[in-house]
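Its first residue numbered 10, the sequence shown is counted upward by one per residue in my numbering. Ideal Cβ placement from N, Cα and C applies to all residues, glycine included. Presented below is the structure to which this report refers.
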Amino acid sequence: MAFSQAVSGLNAAATNLDVIGNNIANSATYGFKSGTASFADMFAGSKVGLGVKVAGITQDFTDGTTTNTGRGLDVAISQNGFSVW
Numbered sequence: 010m011a012f013s014q015a016v017s018g019l020n021a022a023a024t025n026l027d028v029i030g031n032n033i034a035n036s037a038t039y040g041f042k043s044g045t046a047s048f049a050d051m052f053a054g055s056k057v058g059l060g061v062k063v064a065g066i067t068q069d070f071t072d073g074t075t076t077n078t079g080r081g082l083d084v085a086i087s088q089n090g091f092s093v094w
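Below is the structure:
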């Protein structure tokens with residue numbers, strides 16, 4: 010049981026590193042929105058947990074800065090998902 014708890018922790022940490030790596034790799038991409046991994050305990054009806062699991066990966070959809078690229082066909086999404094031309 011302790012081995013599976015350790016493995017679940019390593020798998021969750023690996024997923025978190027994937028999310029962080031994706032954020033770093035796309036940090037210079039126009040319009041990129043970073044992701045955040047959230048975690049939860051795994052219970053089996055007892056007081057002792059069975060490890061950790063990734064509860065979900067959420068995207069940050071807050072407005073960023075709008076940058077004029079000088080290209081006529083580039084668009085940006087602003088506020089409630091409306092396109093800005």
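Here the segment 40-52 makes contact with the segment 61-74; the two share three or more CB pairs at distances below 8 Å. Taking all protein chains in view, the Cβ of S17 is crowded by 16 or more other Cβ atoms within 10 Å, so the residue is classified as buried. Buried is the label assigned to G60, since at least 16 other Cβ atoms lie within 10 Å of its Cβ. For T24, the enclosing alpha helix (DSSP H) starts and ends at A11 to A34.
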